[in-house]
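Going line by line, the protein sequences match chains A, B and C. Residue numbering for the first sequence is 1314 to 1611, as defined by my numbering. Residue numbering for the second sequence is 744 to 990, as defined by my numbering. Residue numbering for the third sequence is 1245 to 1530, as defined by my numbering. Data first, discussion second: the structure below is written as structure tokens.
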Amino acid sequence: MISFLILMSIVVCFSAILALALNFQWGQGGMVNFGLTGFYALGAYAAALLMLKAGANTFFAALGAMAVVGVVCGLVALITLRVTEEDYFAIVTLGVGEMLRLLALNEDWLTKGALGLAGIPRPFGDSIAPDQYQYFLLGLSLALLFGTYAFLRLVTRSPFGRLVRAVREDDVVAATLGKNVLWARVRIFAIGGAIIGLAGSMHSIYYQYIDPTQFTNIVIAYAFMAVIAGGRGAHLGTILGAGVVMVLLEGSRFLKDAIPRLDSDQLSAIRIIIIGVGLIALLIWKPKGFFQEYRLKA
Amino acid sequence: MSANVLSVTGLHAGYGAGDILKGIDVALPQGRIVTVIGPNGSGKSTFVKTLAGLLPARQGRIELEGAALNDLSPPRRVRAGLAYVPQEYNVFRNLTVLENLKIACEFMGRGRRMDDEVVSLFPELNAFHGKKAGNLSGGQRQMLAFACALTVRPKVLMLDEPSAGLSPLLMSELFDRVKKVNSLGVSVLMIEQNAVEALRISDTCIVLAGGRVRACAPAGEVLGMKELNSLYLGDTSLDEKAQRVDA
Amino acid sequence: MLQTFFNGIVTGVIMTLPALSVTLLFGVLKFPNFAVGAMMTVAAYLAFALNAQLGWPLLAAAPAAAVLMGILCIGIDQVTFKPLRERGGITLMVASLGLGFILENVARFAYGNSARGFVMELARPFRFADVRMNHEQMITLSAGTAAMLILWFLLNKTPTGRAMRAVADNPALALARGIESPRVIRWTWFITGILLGLGGVLIGMDRALEPPMGSNYLISVFAAAILGGLGSPLGAFVGALLIGVVSELSTLVIPPNYRIGVPLVAIAIILVFRPQGLFGQPYIRK
């Protein structure tokens, strides 16, 4: 049981990091990233490939993944600078995300396509005893989560953070500040991208095997639910939101024991239905989440 | 004393935290033309929007021929006989002139046929039936918007700055038609910046400033005043004259 | 090559129906509905239930399923989108994402993951100038075209259609002209349901019935609607045909797996350089 809790907590950690990225890009910056799943996959594959093919150790692989996703996101933001309508931007990111997933599925020479990449190493995998390892991984995940949170808090309170929120609130006003605004969008999206890359690397390290089926729309649904439950824009809230959502949804795995007559297809269908219902319910009843956005008093 | 076809008492409304309209009392007698003037930001547009139902009234009463309108949605108010021509975006640009006219009477419930007497006041529109409203000139659009509000003869017609952007020639043409429409029995409530022209055809003038009625007097008297802009500064000498609502 | 072109036209006609629904919904309700794919899936399975399980001929099952879907869409709107009406495009988009999950997985729950097919008579394909046209494709072309003509008539020659276009053009003015927006919204969803119902059946005829059948088309459908200009029914039609034909023709030069790349790239290019698409109309966003 403890094992299960520890492992679930690790998953909550990198899911929360992913949600923090979405929160930063959308909640703070007003840029809805409907391609989140694709970028997440990009991060996971980048890290995995760096470790498996280039022999990098996990630290550098993670950094590499962060750089790759950060740059790609930055490019996307750059190319779509002129697309200021929220929903059009969302559709474009959706398209990019889908394209990335398509690449993962089809470029077998690189990603082994549907077969996936196996044998992804873990940091200090050989040095630490197996039964201690999960504690180490948990500690590491928590540290990374905390680090990301601290970093984002710093950014939020900085002048850049104020610019970010100004861009979100009213890009006409922010635009009068000149080309800083356009660059701000690129930077926001790129920073968010780097964080997505981090989450992706953690995904690869945790599961040690990745294939395209792991990267479905469920990923982005989780992230949206965490951001909405936590109160869009609030970092701490997002983390708590991620925890709450994950607990509720992972808990639904136990449905299998409660309703023995259903087969596995039906069970996974029900779980996804619950996710959909949960997402809509959150939007209708708790749009501001359970917590509040940080606002500078000054 | 003629009855008031439209009567507004203690109206409060606003968009955000504060109220833009801070307690407005206005009465429109049957068959008359009342023009509301005032500086920018005084709440003139907000006033007609609230009357039309596009903005909820926070306090106060709006009555059409004695029946309360407060709980009615905008379409129901229009059907009750309160027509509204907004200042801008007052035609369906992607629909043709004919479609605009058709729509204007199709959803009015009773009397769905077009009021020919009124529409005959706008002969120039006949040539443009097939044209998209967005392709008309500013003046033509304004006339179309005006005609649409009248396709089913309303009891009250509310016009928000109808002369905005019109050349002087078109402007007097427009006010001419307002007068004609009024002679057919339609009571008119107008918001105007071009005060002089509007007041010439009006019975009563109301001055709105800072969300409140500052003055209410016969239009002829106001026109006779040497400095109209004193009205905008809330000239209190007007308040001293009896607030005779009926001309 | 001619064969590929013809296949492209057929695909395009199939996609016109959901593209029209996307564009109508965007025009009247101002948000992109990501659940259109899953809605088509559900409608297809409804037709399947009538056809394969209750024994109705497809000719009867299809319209029945379309009408059922229309009613279902009204219901879905009341429960899901109406409470969120005032909240803006992104909220509605995210809600439609959730809705898509629900609908697709209800179908999966009821019918499992394995592919099903309609019960139809087998018929020999025609050959015409080197192009093989099978029975299903001919039905698709005729049904699709008929549906579009009816829709055109509805939008342009009836008061309801005019009202829908008016609301899409200027919602506040529509109110001031006596148009009750709840009624227009109900009609829009009903028509959406019918279009998606028919679209779902046509996809089921063209390929097989399986849970992801509708969402596979999602990107292409959106590309079509965007290419044509969100809000323009004519645009949806033209856009769908273009995307259909270009996607099919592209398989001659790029690997078939990347066929979906065509609509994806189209979306990106259009939204960046000409967001209003070919026939898009500027509208009042309030």
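Glycine included, C-beta positions come from ideal geometry on N, C-alpha and C.
(request) For the region 1541-1600 of chain A, list the alpha helix (DSSP H) runs that are entirely contained and at least 4 residues long, ordered along the chain. (result) 1548-1564, 1568-1571, 1577-1598
(request) Quick one: which residues of the region 817-832 of chain B get their C-beta closer than 7 Å to a C-beta of chain C? List them in chain order. (result) 817, 818, 821, 822, 827, 829, 832
(request) Report yes if the C-beta distance between residue 1276 (chain C) and residue 1403 (chain A) is below 9 Å; otherwise report no. (result) yes
(request) Following the continuous alpha helix (DSSP H) through residue 1447 (chain A), name the residue where it begins and the one where it ends. (result) 1443-1470
(request) Give the interface partners of residue 1578 (chain A) over in chain C, defined as CB-CB distance under 7 Å, in chain order. (result) 1352, 1356, 1357
(request) Give the range of the beta strand (DSSP E) segment to which residue 1497 (chain C) is assigned. (result) Here residue 1497 (chain C) belongs to no beta strand (DSSP E), and DSSP marks it neither H nor E.
(message) What are the residues in the region 1421-1437 of chain C lying within 7 Å of chain B by C-beta distance?
(response) 1421, 1422, 1423, 1424
(message) Short of 7 Å Cβ to Cβ, which residues in the region 1288-1319 of chain C face chain A?
(response) none
(message) Going by DSSP in three states, residue 845 (chain B) sits in which element: helix, strand or coil?
(response) Helix, per DSSP.
(request) Report yes if the CB atom of residue 1480 (chain A) is closer than 9 Å to the CB atom of residue 1497 (chain A), and no otherwise. (result) yes
(request) May I have the straight-line CA-CA distance separating residue 1554 (chain A) from residue 1512 (chain A), to the nearest angstrom? (result) 16 Å
(request) Could you check which residue in A:1442, A:1373, A:1335, A:1454 has the C-alpha nearest to that of residue 1319 (chain A)? (result) Measuring from the Cα of residue 1319 (chain A), the nearest candidate turns out to be A:1454.
(message) DSSP three-state label for residue 806 (chain B), please.
(response) strand
(message) So for residue 900 (chain B), helix, strand or coil by DSSP?
(response) strand
(message) I'd like to know if residue 1519 (chain C) contacts chain B, where contact means its C-beta is closer than 9 Å to some C-beta of that chain.
(response) no
(request) Write down every uninterrupted run of the beta strand (DSSP E) in the region 1365-1445 of chain C whose length is 3 residues or greater and which is fully enclosed by it, in chain order. (result) With a minimum length of 3 residues, the continuous beta strand (DSSP E) runs that stay inside the region 1365-1445 of chain C are 1370-1372, 1375-1377.
(request) Could you pull the start and end residues of the alpha helix (DSSP H) that residue 1335 (chain C) belongs to? (result) 1333-1355
(request) Could you tell me the boundaries of the alpha helix (DSSP H) in which residue 1293 (chain C) lies? (result) From DSSP, residue 1293 (chain C) is part of no alpha helix (DSSP H); its letter is neither H nor E.
(message) If you follow the alpha helix (DSSP H) that residue 1330 (chain A) is in, where does it begin and where does it stop?
(response) 1315-1335
(message) Helix, strand or coil, according to DSSP, for residue 1401 (chain A) in the structure here?
(response) helix
(message) For residue 1254 (chain C) and residue 1385 (chain C), I'd like the C-alpha separation in whole angstroms.
(response) 6 Å
(request) To the nearest angstrom, report how far apart residue 806 (chain B) and residue 818 (chain B) are at their CA atoms. (result) 16 Å
(request) Please report how far the alpha carbon of residue 1468 (chain A) lies from the alpha carbon of residue 1540 (chain A), in whole angstroms. (result) Rounded to the nearest whole angstrom, the CA to CA distance from residue 1468 (chain A) to residue 1540 (chain A) is 18 Å.
(message) If distances are taken between C-alpha atoms only, which option among B:889, B:938, B:798 comes closest to residue 921 (chain B)?
(response) B:889
(message) Can you check which of these residues, A:1374, A:1405, A:1580, A:1557, is closest to residue 1322 (chain A) by C-alpha distance?
(response) A:1557
(message) Suppose you measure from the CA of residue 1531 (chain A) to the CA of residue 1404 (chain C); what does that come to, to the nearest Å?
(response) Straight-line Cα distance between these residues: approximately 38 Å.
(message) Quick check on the DSSP output: the alpha helix (DSSP H) that includes residue 798 (chain B) runs from which residue to which?
(response) Residue 798 (chain B) -> no alpha helix (DSSP H), and no H or E assigned at all.
(message) Counting only C-beta atoms, is residue 1349 (chain C) closer than 9 Å to chain B at any point?
(response) no
(request) Report yes if the C-beta distance between residue 1334 (chain A) and residue 1505 (chain A) is below 9 Å; otherwise report no. (result) For residue 1334 (chain A) and residue 1505 (chain A), yes; Cβs fall inside 9 Å.
(request) For the region 1339-1398 of chain A, list the alpha helix (DSSP H) runs that are entirely contained and at least 4 residues long, ordered along the chain. (result) 1349-1365, 1371-1392
(request) Examine chain C for any beta-carbon lying closer than 9 Å to the beta-carbon of residue 1314 (chain A), and answer yes or no. (result) no
(request) May I ask you to list the residues that DSSP assigns as paired with residue 875 (chain B)? (result) B:839
(message) Quick check: the Cα distance between residue 1465 (chain A) and residue 1474 (chain A), rounded to an integer number of angstroms?
(response) 9 Å
(message) Would you say residue 1460 (chain C) lies against chain B (beta-carbon separation less than 9 Å)?
(response) For residue 1460 (chain C), the answer is no, since every Cβ of chain B falls outside 9 Å of its Cβ.
(request) Give a yes or no on whether the minimum CB-CB distance between residue 749 (chain B) and chain C is below 9 Å. (result) no
(request) For residue 1403 (chain C), return the contacting residues in chain B, with the cut-off set at a CB-CB distance below 7 Å. (result) 849
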